[in-house]
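Engineer: One structure, as structure tokens, below. Some questions next.
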Amino acid sequence: MKRKLWAVVCGSIRDELDFKLTLSKLIQLRKKKKIDHIVLSTWFKEVDKYEGLRELLISLDIFVIENSTLSNEFEKTPSGSVNYWRQARQLLLALDFIPKNDFVLRVRTDRSLNFINLMEQQGIFDNYQNKVNDIGKFTKVFEYKIIVFRPRITRLFQMTDFILLGLNRDLYKVINFGIYDLEFQKVIVANAQWYAQPFIKEFPILRDYMRFTMYTQSVPLFKRYVEKYKNESYFAKVHLKVYAIYFLVLYSHFKILSFEKFDPSKREKFNFYEIFCGTKNGSIKYQSLGTIIVDEKIIEMALFNQFEPSKSYSQFLKYVNNLIAFGPKDPQFDLNFEDYNELVVLFNNKTYENNEKEGWLKKLYKPPVNTNILSKEPSYSNELELNCLGVDFKDWSLLSDTKLIESDLFKLWNKIENPSVKTAEMMLLPVARTGNEYAIYVLLDLLFLNKVSSNNIDEIFRISNFYLDIRFKNKTPHIRTTLLILKFLKIVIQRNDIFSLEKRFLDFGLSLIIDEKIRLAILNEYSSDILPKIKNEVLKLKSEKNNFEYDLILSSIFDYELSLEIQEFLEKSKRMNELMMVKRKWLN
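Note that the sequence shown covers residues 0 to 587 in numbering that gives the first Met the number 0.
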């Protein structure tokens, strides 16, 4: 019997546009016979937030699975695992529904579209049934490889969690509801909790590594160290054992994809130390969170003696060969006292030239004991109704095929002359989540005019506060940030809640236009009449200095008419986004 491929869309429906574009793409794939069925797994009341959505899903032959959210007791658990539990619960409900021998493409209701399109471009939907590699006596946990994006090296099993594809029976094995804060004595992100569980049970040393490794400190420290000592770099025995296991797991159990580009023509001899700092051709790429594997071929090269020789690499290969020959039950692959003690000595002796703040080793409360002291055909009749933007179907189709949805949305938004308020809200919400301050500004303006749907009010406040905090921490003021903060202030005053905008943000926004002494005077009298004071100060500054930014503030925030001279200046200098902010085309 042919094994079918089910697309399972999981999550709350917070972004109607992103959700419908994702569905539109999945329906295209179903038309092409690339996937067979589509399932939405979500919480009760999510579908009914949007008028007509339930009927539309039924007409498109999309299965809908609904369940209660986690109880308050679980939600309040002080654990980083709660986020993973929500996702795992929704997938588990779908796995219960789907035949166990079928394959499952698990995506989210948002932020998965780019990944789906890349998988299609690479022909994944024609070639996803890849058996796990047989490598001697090395463990086989799955039957088929799970397809994943961008695994990191130092941070074990941290891969993109927006999308994955695997056999139903295999995905059951990754589902767990453990409290990782307890299991690892530290917070483990949801990305890793998706994939680590079956392998830490098979190889407990992987859990030990995740317990004692302080990722934030280790990543830059080891990069600096290996770039200095290169092939003379020294690696602890436990590190070499862990990476031997991890690379064999990645090679045998996962098919790896990535958005990042690399040069396959320069896939020559690599060095073992480069797994911590990146390769010149991009097969391994260094990022602040750690190196990621871009080219899955490099894993095979590392495992089968195709790197440049070095003492550490020879030791690594010895462990690889032992794993292949004897399997995981060889006791040398358990964390022992000698291995752990070596880590402590390396840390205390500052072998990796770590300073006092670079605590790369989290000492275990109970380290290993010193053993020396012991003696049907779907319907597509209503497919066009997914186009919730009211744009041409050609534009809608281009959006569903995009590689960069947020960027293409903003380009289309700029092209539309008179967008409706609803269209503006739908198009700009996902753009705003990327930190686009023009999009955030428009959404705040719609919120000020009470033209935002109730579903999105809290989300717009969350996005605004989140990106204001980033701007504040990076100390990078800009005129658009000032405009955004002042628009936020108008909403706060309008809603009689003058304390929901933090003073640090307001001070930060005003710092670009008003000197410190006057700012302090204004902020010390923070009340509902603060806007007139700011306006008077801007008018005074405008009379003293010929700066178009004061005109922008007066026009955008205080409804002054922007002079034709300034408009022409903005057009000539190609500052069309600032011009858009004052013309407010979304209200035409």
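Here a beta-carbon is modelled for each residue, glycine too, at the ideal position from N, C-alpha and C.
Within a Cβ cutoff of 7 Å, which residues of the same chain sit near residue 566, ignoring the five residues on either side of it in sequence?
Structural biologist: Residue mapping note: residue 566 aligns to position 567 of the sequence shown, counting from 1. Only 578 meet the Cβ criterion.
Engineer: Residues in the same chain with beta-carbon distance under 6 Å from residue 195, minus the five sequence neighbours each way, listed in chain order, please.
Structural biologist: Translated into positions along the sequence shown, residue 195 becomes position 196. Cβ neighbours of residue 195 beyond the five flanking positions: 156.
Engineer: Would you call residue 469 buried or exposed, if buried means 16 or more other Cβ atoms sit within 10 Å of its Cβ?
Structural biologist: The residue you call residue 469 lines up with position 470 of the sequence shown. Exposed, because fewer than 16 other Cβ atoms sit within 10 Å of the Cβ of residue 469.
Engineer: What three-state label does DSSP hand residue 253 in the structure shown?
Structural biologist: Indexing the sequence shown from 1 puts residue 253 at position 254. Residue state, collapsed to three classes: strand.
Engineer: Identify every residue that forms a DSSP beta bridge with residue 165.
Structural biologist: For the purposes of this step, residue 165 is taken as residue 166 along the sequence shown, with counting starting at 1. Its beta-bridge partners are 103.
Engineer: DSSP on residue 39, reduced to helix/strand/coil?
Structural biologist: Counted from its first residue, the sequence shown places residue 39 at position 40. Correct three-state label for residue 39: strand.
Engineer: Straight-line CA distance for residue 422 to residue 440?
Structural biologist: Within the sequence shown, residue 422 is the residue found at index 423, counting from 1. Within the sequence shown, residue 440 is the residue found at index 441, counting from 1. The straight-line gap from Cα to Cα measures roughly 15 Å.
Engineer: Let me check understanding here. Comparing Cα to Cα, which of 585, 405 and 569 lies closest to residue 444?
Structural biologist: Position 445 of the sequence shown, counting from 1, holds the residue named residue 444. When only C-alpha atoms are compared, the closest one is 585.
Engineer: Between the C-alpha atoms of residue 416 and residue 40, what's the straight-line distance to the nearest angstrom?
Structural biologist: Here residue 416 refers to the residue found at position 417 when the sequence shown is read from its first residue. Here residue 40 refers to the residue found at position 41 when the sequence shown is read from its first residue. Approximately 37 Å, taken between the alpha carbons.
Engineer: Can you give me the Cβ contacts of residue 98 inside the same chain, cut-off strictly under 8 Å, excluding the 5 residues immediately before and after it?
Structural biologist: Within the sequence shown, the letter at position 99 stands for residue 98. Counting only Cβ-Cβ distances below 8 Å, and skipping sequence neighbours, we find 3 and 167.
Engineer: By how many angstroms is the C-alpha of residue 269 removed from the C-alpha of residue 480?
Structural biologist: Here residue 480 corresponds to residue number 481 of the sequence shown, with the count starting at 1. Here residue 269 corresponds to residue number 270 of the sequence shown, with the count starting at 1. Cα to Cα, residue 480 sits roughly 45 Å from residue 269.
Engineer: Would residue 34 pass as a contact of residue 22 if the rule is Cβ separation under 9 Å?
Structural biologist: Here residue 34 is taken as the residue at index 35 of the sequence shown, counted from 1. Here residue 22 is taken as the residue at index 23 of the sequence shown, counted from 1. No, these two residues do not count as a Cβ contact at 9 Å.
Engineer: Taking DSSP as the reference, what is the three-state secondary structure of residue 212?
Structural biologist: Here residue 212 is taken as the residue at index 213 of the sequence shown, counted from 1. It is a strand residue.
Engineer: Take every Cβ of the stretch 178 to 191, pair it with every Cβ of the stretch 117 to 136, and state whether three or more of those distances are shorter than 8 Å.
Structural biologist: Contact between the stretch 178 to 191 and the stretch 117 to 136 is absent, because fewer than three Cβ pairs lie under 8 Å.
Engineer: Could you spell out where the alpha helix (DSSP H) holding residue 297 opens and where it closes?
Structural biologist: Taking the first residue of the sequence shown as 1, we reach residue 297 at position 298. Here the alpha helix (DSSP H) through residue 297 covers 296 to 302.
Engineer: Terminal residues of the continuous beta strand (DSSP E) containing residue 145?
Structural biologist: The residue labelled residue 145 in the question sits at position 146 within the sequence shown. Run containing residue 145: 145 to 148, per the beta strand (DSSP E) assignment.
Engineer: Got a sec? Which residues, its chain only, sit under 6 Å from residue 334 by beta carbon, not counting five neighbours each side?
Structural biologist: Here residue 334 corresponds to residue number 335 of the sequence shown, with the count starting at 1. Contacts found: 204, 207 and 367.
Engineer: Assuming residue 66 is part of the beta strand (DSSP E), what are its boundary residues?
Structural biologist: On the sequence shown, residue 66 is found 67 positions in, with the first residue counted as 1. That run of the beta strand (DSSP E) goes 62 to 66.
Engineer: Please determine, among 61, 225 and 260, the residue with the shortest C-alpha to C-alpha distance to residue 5.
Structural biologist: Stepping through the sequence shown from its first residue, residue 5 is reached at position 6. Ranking the options by Cα distance to residue 5, first place goes to 61.
Engineer: Would you kindly work out how many angstroms separate the C-alpha atoms of residue 111 and residue 162, rounded to a whole number?
Structural biologist: Looking up residue 111 in the sequence shown gives position 112. Looking up residue 162 in the sequence shown gives position 163. So the two alpha carbons sit approximately 6 Å from each other.
Engineer: Would you mind working out which of 258, 301, 14 and 144 sits nearest residue 107, comparing C-alpha positions?
Structural biologist: As a first step, residue 107 is located in the sequence shown; it is residue number 108 there, counting from the start. The residue with the shortest Cα to Cα distance from residue 107 is 14.
Engineer: Ends of the beta strand (DSSP E) at residue 5?
Structural biologist: Locating residue 5 in the sequence shown gives position 6, where the first residue counts as 1. Where residue 5 is concerned, the enclosing beta strand (DSSP E) stretches over 4 to 9.
Engineer: Is the stretch 252 to 261 touching the stretch 276 to 295, taking contact as three or more C-beta pairs under 8 Å?
Structural biologist: Counting Cβ pairs under 8 Å, three or more are found: they touch.
Engineer: Using a threshold of 9 Å, state whether the C-beta atoms of residue 391 and residue 116 are closer than that.
Structural biologist: Position 392 of the sequence shown, counted from the first residue, corresponds to residue 391. Position 117 of the sequence shown, counted from the first residue, corresponds to residue 116. No, Cβ-Cβ distance for residue 391 and residue 116 is not below 9 Å.
Engineer: Using the three-state DSSP reduction, which class does residue 269 fall into: helix, strand or coil?
Structural biologist: Taking the first residue of the sequence shown as position 1, residue 269 is located at position 270. Residue 269: strand per DSSP, three-state reduction.
Engineer: Which same chain residues end up closer than 7 Å to residue 232 when comparing Cβ atoms and leaving out the 5 residues on each side of it in sequence?
Structural biologist: The count along the sequence shown starts at 1 and reaches residue 232 at position 233. So the list reads 224, 225, 272 and 311, once near-sequence residues are dropped.
Engineer: Count the other CB atoms, across all protein chains shown, that sit within 10 Å of the CB of residue 493; report buried if there are 16 or more and exposed otherwise.
Structural biologist: Looking up residue 493 in the sequence shown gives position 494. Under this definition residue 493 is an exposed residue.
Engineer: Can you give me the Cβ contacts of residue 291 inside the same chain, cut-off strictly under 6 Å, excluding the 5 residues immediately before and after it?
Structural biologist: Mapped onto the sequence shown, residue 291 falls at position 292. Closer than 6 Å at Cβ, skipping near neighbours: 149, 151 and 284.
Engineer: Report the three-state DSSP secondary structure of residue 292 (helix, strand or coil).
Structural biologist: As a position in the sequence shown, residue 292 is number 293, starting the count at 1. Strand at residue 292.
Engineer: Should residue 429 and residue 109 be called a contact, given that it needs their Cβ atoms to be closer than 9 Å?
Structural biologist: Working through the sequence shown from its first residue, we reach residue 429 at position 430. Working through the sequence shown from its first residue, we reach residue 109 at position 110. Their beta carbons are under 9 Å apart, which means residue 429 touches residue 109 by this criterion.
Engineer: Does the Cβ-Cβ distance between residue 363 and residue 339 come in under 9 Å?
Structural biologist: Start at 1 with the first residue of the sequence shown, and residue 363 comes out as number 364. Start at 1 with the first residue of the sequence shown, and residue 339 comes out as number 340. Yes, Cβ-Cβ distance for residue 363 and residue 339 is below 9 Å.
Engineer: Does DSSP classify residue 48 as helix, strand or coil?
Structural biologist: Numbered from its first residue, the sequence shown carries residue 48 at position 49. Here residue 48 sits in helix by DSSP.
Engineer: Residues in the same chain with beta-carbon distance under 8 Å from residue 274, minus the five sequence neighbours each way, listed in chain order, please.
Structural biologist: What you label residue 274 is simply residue 275 of the sequence shown in a count that begins at 1. If we look at residue 274 and ignore the five residues flanking it on each side, its Cβ neighbours are 152, 242, 283, 290 and 301.
Engineer: By alpha-carbon positions, which one of 212, 227, 350 and 432 ends up nearest to residue 360?
Structural biologist: On the sequence shown, position 361 is the one that residue 360 refers to. Closest option to residue 360, Cα to Cα, is 212.
Engineer: Mind checking residue 24: buried by the 16 CB within 10 Å criterion, or exposed?
Structural biologist: Position 25 of the sequence shown, counting from 1, holds the residue named residue 24. Classification of residue 24: buried, given that the 10 Å Cβ count is 16 or more.
Engineer: Give me whichever residues DSSP pairs with residue 130 in a beta bridge.
Structural biologist: Here residue 130 refers to the residue found at position 131 of the sequence shown. According to DSSP, residue 130 bridges with 143.
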